[in-house]
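Colleague: In the working numbering, the protein residues as written are 8 to 168.
Using N, Cα and C, we set each Cβ at its ideal position, and we do this for glycine too.
Since the model is a prediction, treat every value here as computed from it, not as a measurement.
Structure (structure tokens):
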């Protein structure tokens, strides 16, 4: 599914699976997607790709078993995981071939104080690797939940505060 070129989409309770590329692309400039209660699983590449100045809001999703990263955030984009108003509305990002969340190219990932679980990714390396991968020059904000992410056995790399 593509949300591209200044588009907006709201997905609630959808199942996005078995695609030959990414499960969901939010890209090509100022596009925005709000995804709630979805299962994004078993796609050949990334579960979700967010790029080119686009925004993702992800609440209560399962992003599982994709052939690339769980979520890739590139090219001046923002991904927000969970909400402060409903701490139980976290996301489960697990068993993806690459890291659960990758942030690059002047992008941001914000983990709200909800029960986000980003764990047991990097299955091509037997789970040896990181679950949240922020290159050192980019930033992942854990909404004060860095210890919560670590307690849940998430492996973090880069600038996560």
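Nearest-angstrom Cα distance between residue 109 and residue 52?
Modeller: Between the C-alpha atoms of residue 109 and residue 52 there is a straight-line separation of about 13 Å.
Colleague: For residue 16 and residue 43, what's the separation of their Cα atoms in angstroms?
Modeller: 11 Å
Colleague: I need the straight-line Cα distance from residue 31 to residue 66, nearest angstrom please.
Modeller: 15 Å
Colleague: Taking the CB atoms as reference points, tell me whether residue 81 and residue 112 lie closer together than 7 Å.
Modeller: yes
Colleague: Assuming residue 114 is part of the beta strand (DSSP E), what are its boundary residues?
Modeller: Unbroken run through residue 114: none, as it is neither H nor E.
Colleague: Identify whether residue 122 lies in helix, strand or coil by the three-state DSSP scheme.
Modeller: Note: residue 122 maps to coil in three-state DSSP.
Colleague: Determine the closest residue to residue 57 out of 125, 46, 8, with distance taken between C-alpha atoms.
Modeller: 8
Colleague: Tell me the DSSP secondary structure of residue 150 in three-state form.
Modeller: Confidence at residue 150 is low in this model, with a pLDDT of 49, below 50, so the placement of that residue is unreliable and no value is reported for it.
Colleague: Along the chain, which unbroken stretches of the beta strand (DSSP E) at least 3 residues long are found entirely within the stretch 33 to 82?
Modeller: List check, beta strand (DSSP E) in window: 39 to 43, 46 to 48, 55 to 57, 62 to 66, 69 to 71, 78 to 80.
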